[in-house]
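Working notes, beginning with the structure itself.
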Ligand code: ZN
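Numbering (this note's numbering), first residue to last: 66 to 494.
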């Protein structure tokens, strides 16, 4: 049997005991090693000794992206420089970059976490992995590479772009796995198709990083490459980088590595935990990170927890794919609504296109009203609009727990942009 990178625990109780130990260690370590954390704790009036149960996590102050910027270039540094072996940074302009520091143990932990991703995706050491993401100061290339070597598969560090070389490698080295952004994956798939290479290559799995894929993209990539599975790897520079969780081959949600970090799902407005199954902001606390530990770091990313047990039997908890950013949230009739959530509901409906707009208005009665404009599918029958609108209204009410009116508009009636489309139009004062 091949070496496993999964945790040895069998039960949730064992996992929680391990988390508590890690939490106590992290708070002590951060308080001792970082002037930033020490000051934060003092301001809040908590000391490391106050952490006696996992529930005490709630007593700790939050860390935000603003804190990282304010303390540039050495934010969250909690270990002596002689122990730091590397930095990585997110893309962004000077001063806006999020810089993170790694000890040798952090790099080792990250490699194990990422190796676990390849394991849960069902790879073996026989697999050959063409890594087509960027190498450099950001975490993508380094993470995919480290994990692949730790796992023991064959890594081909191709980097992004250079389609001629990519195609050559696909034929000459017969990689079984491609790691790329969704856009790069699509470019490669189209190139394979254009050159008629499908029968000459052997790609079984595609792992996307750095950029969310959508169903249309993944469908196309699978079809053109003849791949069986695609996976979306979550990745946040602040939390090591990519490789902190992945869906298994049952694709029932992303298993995340709860023995390395705790993920709280909080209402971005009240900062209280959301009810089970509700959408909340992912707030991270690392359990072993030495160089730049995170304590209640507000990522602004939104998702929901997935209850129950996966058919694969793993005790590692699951969360849904990312559903957008909390900055995009709006409140209507006391309910938090995220455009990403509406987006997801619409994506499941047949007969409509991918463009939509959400309009919020205050009525003469003083109440708030939401209207969602959705495009009819290309060539769709206008006579079905009323029925379709009713159906989508029901789905929205069930999904986001607030009623809205759905108006079906002509195909191509809504504006297109190659930048981020504006989705929410709020005319309430
Ligand atoms: Zn599973």
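Glycine included, every Cβ here is placed at the ideal spot set by N, Cα and C.
Listed in chain order, the non-local C-beta contacts of residue 175 below 7 Å within the same chain comprise 208, 211, 305, 306 and 308, local neighbours out to five positions each way being set aside. Around the beta carbon of residue 394, a 10 Å sphere encloses 16 or more other beta carbons of the protein chains shown; the residue is thus reported as buried. Beta-bridge pairing by DSSP links residue 253 to no other residue. Within the segment 378-409, the runs of beta strand (DSSP E) that reach at least 3 residues and sit entirely inside it are, in chain order, 395-397 and 400-402.
In the DSSP assignment, residue 154 falls within the beta strand (DSSP E) that extends over 149-154.
The shortest C-alpha to C-alpha distance from residue 388 to any of 406, 90, 115 and 167 is the one to 406. Unbroken alpha helix (DSSP H) stretches of 4 residues or longer found wholly inside the segment 181-225: 205-216, given in chain order. Residue 440 carries a strand assignment under DSSP once its states are collapsed to helix, strand and coil.
About 5 Å separates the Cβ atoms of residue 184 and residue 70, confirming a contact at the 8 Å cut-off. As computed with DSSP, residue 323 is found in no beta bridge at all. Annotation for residue 346: the continuous beta strand (DSSP E) segment containing it runs 345-351.
Per the C-alpha coordinates, the member of 432, 192, 220 and 186 positioned closest to residue 198 is 220.
Segment contact: the segment 407-425 against the segment 460-469, three or more CB-CB distances shorter than 8 Å; contact assigned. The shortest CA-to-CA distance from residue 311 to any of 473, 188 and 331 is the one to 188. In terms of CA proximity to residue 269, 244 leads the group 442, 206 and 244.
Residue 375 sits in coil when the DSSP states are folded into three classes, being neither helix nor strand. Residue 440 is classed as buried because its beta carbon has at least 16 other beta carbons within 10 Å across all chains shown. Residue 297 has 273 as its beta-bridge partners, per DSSP. Taking 8 Å as the upper bound for CB-CB distance, residue 327 and residue 125 are not in contact here, some 11 Å apart. When the beta-carbon positions are compared, residue 142 and residue 166 come within less than 8 Å of each other.
In summary, residue 146 is exposed, with fewer than 16 beta-carbon neighbours lying within 10 Å of its beta-carbon over all protein chains present. Using a Cβ distance threshold of 8 Å, residue 223 and residue 190 do not count as a contacting pair. Taking a cut-off of 8 Å on C-beta distances, the segment 363-377 does not touch the segment 435-453, as fewer than three cross pairs fall below it.
In the same chain as residue 454, and ignoring 5 residues on each side of it, the C-beta atoms closer than 7 Å to its own belong to 471, 472 and 473, in chain order.
Considered as a whole, the segment 75-142 harbours 77-98, 100-109 and 130-135 as its complete alpha helix (DSSP H) runs of no fewer than 4 residues, in chain order.
Taken atom to atom, the span from the alpha-carbon of residue 118 to that of residue 92 is near 13 Å. Counting every other CB atom within 10 Å of its CB across the protein chains shown gives residue 242 a total of 16 or more, marking it as buried. Assignment of residue 236 by DSSP, reduced to helix, strand and coil, places it in the helix class. If you ignore the 5 residues before and after residue 458, its C-beta comes within less than 6 Å of the C-beta of 471, all in its own chain and listed in chain order. Restricting attention to 193, 448, 396 and 399, the CA atom closest to the CA of residue 234 is found in 193.
Per DSSP, the continuous beta strand (DSSP E) segment holding residue 418 begins and ends at 417-427. Residue 258 has its alpha-carbon roughly 11 Å from the corresponding atom of residue 265. Judged by DSSP secondary structure, residue 454 falls within the alpha helix (DSSP H) whose first and last residues are 450-465. Rounded to the nearest angstrom, the gap between the Cα atoms of residue 286 and residue 251 is 6 Å. Taking 8 Å as the cut-off, the beta carbon of residue 300 is found closer than this to the beta carbon of residue 274.
For residue 368, the beta-bridge partners assigned by DSSP are 345.
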